[in-house]
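Read through the structure below, which is laid out as C-alpha cells, and then see the notes.
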Amino acid sequence: MARVTLSRSKLRTNYKNLEDLFEGEDVSWGAVSKLFCGDMSFIGEVLDLGIAEVHDSRIANLRAIKEQHPEVRTVYIKPAAHSAISDVVAWADVSFQSEISTLEELNGEARRQGATHEVVIMVEMGDLREGVLPEDLLGFYRQALQFQHIRVSGIGTNLNCLSGVLPSEEALDELVTLRDLLEKETGETLDLISAGTTVTLPLLESGDLPDGINHFRIGEALYFGQNLVEEKTFDGWHDDVLELHADVIELREKSMAPSGPMGTNPFGNVAEETDDRIAHRAIVDIGYLDVNPDFIVPSLPGIKIIDAASDMLVLDLGENPRDIAVGDTITFRLEYMGALHVMSSNYIGKEVVDTEATGAGIAACDMEIAVAS
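Residue numbers for the sequence shown, in the UniProt record's numbering: 1 to 373.
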C-alpha cells in the first residue's frame with residue numbers, strides 16, 4: 001500500500017534551525033498545520049517539538065487539535081464563512097478577517113458563547129488575495145473597535161500565496177507604518193504584525209526585516225526546508241521530512257512509444273511520444289486520484305516519471321541498473337502541493353519514521369505510528 005512518511009529526526013533538525021534563526025529576535029511564531037489535513041499522528045509530532053501555536057485553514061482540523069490539546073493556541077488563517085461562525089468562535093482562539101459583516105457575525109456568536117474572539121485584520125499588500133485596502137484600513141479598524149466581543153490583536157498580510165508577489169523591505173515597512181497610524185489615531189495598542197512566513201525568512205536571515213514585524217507563520221521551511229525566494233533548500237535543512245513510498249505492481253520491458261490509432265486519453269491529452277526505445281517500465285500503486293505527478297520527484301537518480309492514470313503511475317527505469325523488481329518500493333520526494341494532495345487522500349497510509357531509508361527498495365524503517373485511512 002502506498003504511504004507517506006514523516007521523519008521525526010529531520011523534522012526536529014528543521015525545527016532547531018528555525019529556533020536558531022529566531023533566537024534573539026523579538027518575534028513569536030506558530031506552525032502551519034493545514035498540510036496535514038487533520039492527521040493527528042503527524043500534527044502530534046509537530047506539537048511534541050514544543051510548538052504552542054498552530055495555524056490552519058480548516059476549522060475541522062483546529063477542532064481535532066483543540067479537543068486533544070486544549071492548551072494549544074489555535075489560529076484560523078482564512079476569513080470565516082458565515083455558515084462556520086459558531087465553529088470558528090468555539091475552536092479558534094484567533095482568526096484572520098477582512099470583512100466587517102463577518103466581524104459582526106463573530107461578535108454576536110462570541111456574545112452567545114460568553115467569549116471574546118481575537119482577530120487579526122488582514123491587509124492587502126499586493127498579492128491580491130484577502131485583505132483590506134490600506135486606504136480603507138483606518139475606517140475598518142474604527143468599526144472593528146465597536147464590537148464588544150471582538151479583540152483586534154494585530155494586523156497581517158499574505159504575500160506569495162496567490163500571485164507570487166515576494167515580500168520586500170519597503171512593503172513590510174509600509175505595514176509597520178499602517179500599524180503606527182492605527183495606534184496613533186485610536187489610542188489603541190496592536191500587539192502583532194503577522195507578516196512573516198517561510199518566504200519572509202531570507203529577510204530575517206539577512207537582517208533586512210523591518211522592526212515591528214513580530215509574528216511568523218511557518219509551514220514550508222519546517223516541513224521542506226525551503227528558501228522560497230531563491231528556490232532552493234536552506235543549507236543544513238531537510239527537504240525530505242515527508243516522503244511518498246509506492247509499491248511496484250508491474251515491471252516489464254516495453255516500447256516507450258504507444259502503438260495504434262491515437263485519440264485523447266481520459267485527461268484530454270494526446271500522447272506525442274516519439275521515443276521508440278525499449279526500456280523497463282514500472283507501474284506503482286498511486287495515480288492522479290492521490291497526487292499530481294508534477295509535484296513529486298523520484299528519490300533515486302535515473303528514474304523518470306512517464307505519465308499517470310487515475311490510480312497508477314508509470315516510471316521509466318531505463319535499463320534498471322538497480323534490479324528493481326515487483327514488490328519493491330519506490331520513494332518520491334514531495335513538493336508542497338504534492339504533499340498536500342497525498343495527505344488529503346484516504347487511500348495513502350500515514351507513518352512516522354525514526355530512521356532514514358536506503359537502497360533500491362527504499363523500505364522505511366522503525367514505523368512507530370501507522371494511520372491508514
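In this text, a Cβ means the ideal position worked out from N, Cα and C, and glycines have one as well.
Have a look at the options and flag the residue whose alpha-carbon is nearest the alpha-carbon of residue i.
i: Asn160; options: Tyr347, Glu124, Leu192 and Leu133; result: Glu124
i: Gly154; options: Gln146, Ala115, Ala195 and Lys78; result: Ala195
i: Met256; options: Asn227, Gly225 and Ile305; result: Ile305
i: Leu222; options: Ala144, Val241, Asn214 and Glu104; result: Val241
i: Ile324; options: Asp136, Ala308, Ala246 and Gly24; result: Ala246
i: Gly156; options: Ser28, Gly108, Asn17 and Ile213; result: Ile213
i: Asp173; options: Lys184, Ile193, Asn17 and Ile303; result: Ile193
i: Asp311; options: Ser299, Ile303, Asn346 and Glu169; result: Asn346
i: Gly302; options: Ala308, Asp285, Asp294 and Asn320; result: Asn320
i: Leu103; options: Leu128, His149 and Pro167; result: His149
i: Arg58; options: Gly38, Ser206, Asn269 and Leu244; result: Gly38
Looking at chain B, is there any beta carbon in it that lies within less than 8 Å of the beta carbon of residue i?
i: Val284; result: Here chain B cannot be found, since the structure has a single protein chain.
Pull up the distance between the alpha-carbon of residue i and that of residue j, whole angstroms please.
i: Ala81; j: Pro210; result: 33 Å
i: Asp276; j: Leu315; result: 15 Å
i: Leu203; j: Leu178; result: 20 Å
i: Ala110; j: Tyr76; result: 15 Å
i: Ser101; j: Val89; result: 15 Å
i: Leu138; j: Leu21; result: 33 Å
i: Glu45; j: Ser9; result: 10 Å
i: Leu11; j: Pro261; result: 50 Å
i: Phe147; j: Phe140; result: 12 Å
i: Gly236; j: Arg112; result: 50 Å
i: Val229; j: Ala31; result: 20 Å
i: Thr186; j: Asp180; result: 10 Å
i: Arg3; j: Asn265; result: 27 Å
i: Glu135; j: Asn14; result: 39 Å
i: Gly225; j: Lys16; result: 11 Å
i: Asp208; j: Gly50; result: 28 Å
i: Gly114; j: Ser299; result: 52 Å
i: Ala52; j: Leu128; result: 30 Å
i: Leu175; j: Gly131; result: 12 Å
i: Glu243; j: Ser168; result: 32 Å
i: Val270; j: Ser259; result: 13 Å
i: Asn227; j: Glu205; result: 11 Å
i: Ser41; j: Leu35; result: 13 Å
i: Glu272; j: Gly263; result: 11 Å
Determine the DSSP secondary structure at residue i, reduced to helix, strand or coil.
i: Leu317; result: coil
i: Met262; result: coil
i: Ser194; result: strand
i: Leu244; result: strand
i: Pro70; result: coil
i: Arg58; result: coil
i: residue 405; result: Residue 405 lies beyond the residue range present for the chain, which begins at 1 and ends at 373; the question has no answer from this structure.
i: Trp91; result: helix
i: Ala31; result: strand
i: Asp354; result: strand
i: Ser9; result: helix
i: His215; result: strand
i: Glu118; result: strand
i: Ile43; result: helix
i: Thr233; result: strand
i: Leu133; result: coil
i: Val297; result: strand
i: Thr85; result: Just to set this straight, residue 85 is Ile in the shown sequence, not Thr. Looking at Ile85 - three-state DSSP - the assignment turns out to be helix.
i: Ala360; result: Residue confidence for Ala360 is low, a pLDDT of 35 falling below 50, so the modelled location carries little weight and cannot support an answer.
i: Gln143; result: helix
i: Ala282; result: strand
i: Met367; result: Any reading at Met367 is ruled out, since the residue's pLDDT is 39, under 50, leaving its predicted position unreliable.
What whole-angstrom Cβ distance do residue i and residue j have, given they're in contact under 8 Å?
i: Asn151; j: Val120; result: What sits at residue 151 in the sequence shown is Arg, not Asn. Not confirmed; about 10 Å, so no contact.
i: Leu190; j: Leu201; result: About 23 Å; that fails the 8 Å criterion.
i: Gly219; j: Thr198; result: 6 Å
i: Ser95; j: His117; result: 7 Å
i: Trp29; j: Phe216; result: 4 Å
i: Gly327; j: Ala308; result: The Cβ separation is near 20 Å, so there is no contact.
i: Val297; j: Arg322; result: Val297 to Arg322, Cβ: 17 Å. No contact.
Within a Cβ cutoff of 6 Å, which residues of the same chain sit near residue i, ignoring the five residues on either side of it in sequence?
i: Val291; result: Gly338, His341 and Val342
i: Ala282; result: Val248, Leu251, Leu315 and Leu317
i: residue 394; result: This structure cannot settle anything about residue 394, because the visible part of the chain is limited to 1 through 373.
i: Gln143; result: Ile100
i: Glu335; result: Phe295
i: Asp87; result: Ile59
Excluding the five sequence neighbours on either side, which residues of its own chain have a C-beta within less than 8 Å of the C-beta of residue i, listed in chain order?
i: Glu253; result: Ile278, Ala279, His280 and Arg281
i: Gly126; result: Leu159, Ser163, Val165 and Ala171
i: Lys66; result: Val72, Thr74 and Trp91
i: Leu289; result: Ser310, Asp311, Ser345 and Tyr347
i: Gln97; result: Pro79, Ala80, Leu103, Leu106, Val119, Val120, Ile121 and Met122
Under 7 Å Cβ to Cβ from residue i, same chain only, skipping five residues before and after it: list those, please.
i: Ile85; result: Glu105, Leu106 and Glu109
i: Leu62; result: Asp56, Thr74, Tyr76, Trp91 and Ala92
i: His238; result: Lys10, Thr13, Asn14 and Gly225
i: Val27; result: Gly196, Asn214, His215 and Phe216
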